[in-house]
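Numbering (the numbering used here), first residue to last: 183 to 286.
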């Protein structure tokens with residue numbers, strides 16, 4: 183799965199798509215976010231978007247999985263004891279974003 187590696191052009195494009203989709207899903211909700219809108223914000227053709235994610239639901243699952251991977255250390259490391267990283271990465275900003283959304 184070379185397209186997931188952020189060091190590759192495909193990996194960076196996939197990450198950009200996930201970044202935009204995650205933001206729009208959070209702001210507008212899944213139902214009110216269109217693939218056209220995501221493609222336009224990323225700056226790719228809609229067909230290109232579908233090469234990476236054949237269905238909008240695939241994009242939602244990928245965005246959700248990525249967030250879970252970012253949050254995992256914030257949950258597991260504190261349970262394992264001192265000396266583990268618990269802040270600083272994009273996981274921290276994801277956690278604060280999630281907390282803000284859950285308070286609405």
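Where is the CB? At the ideal position from N, CA and C, for every residue including glycine. Fair warning: this is a prediction, and the values are worked out from it, not measured in the lab.
For residue i, report the span of its alpha helix (DSSP H) as first-last.
{"i": "residue 232", "result": "228 to 234"}
{"i": "residue 225", "result": "Neither: residue 225 is in no alpha helix (DSSP H) and is coded neither H nor E."}
{"i": "residue 199", "result": "191 to 210"}
Here's the rule I'm using: 16 or more other beta-carbon atoms within 10 Å means buried, otherwise exposed. How should residue i be labelled?
{"i": "residue 213", "result": "exposed"}
{"i": "residue 246", "result": "exposed"}
{"i": "residue 215", "result": "buried"}
{"i": "residue 194", "result": "exposed"}
Which whole-angstrom value describes the C-beta separation of residue i and residue j, a residue pair presumed to lie in contact below a C-beta threshold of 8 Å?
{"i": "residue 234", "j": "residue 186", "result": "Wrong, their Cβ atoms sit about 10 Å apart, outside the cutoff."}
{"i": "residue 192", "j": "residue 217", "result": "18 Å between Cβ atoms; not a contact."}
Under 6 Å Cβ to Cβ from residue i, same chain only, skipping five residues before and after it: list those, please.
{"i": "residue 241", "result": "203 and 235"}
{"i": "residue 282", "result": "With a pLDDT of only 44 at residue 282, under the threshold of 50, the placement of this residue in the model should not be trusted; the figure read from the coordinates follows. Cβ within range, chain order: n/a, list empty."}
{"i": "residue 221", "result": "228 and 231"}
Excluding the five sequence neighbours on either side, which residues of its own chain have a C-beta within less than 7 Å of the C-beta of residue i, listed in chain order?
{"i": "residue 209", "result": "none"}
{"i": "residue 188", "result": "194 and 197"}
Give me, in chain order, the residues of the same chain whose beta-carbon lies closer than 8 Å to that of residue i; leave out the 5 immediate sequence neighbours on both sides.
{"i": "residue 206", "result": "215, 219, 220 and 223"}
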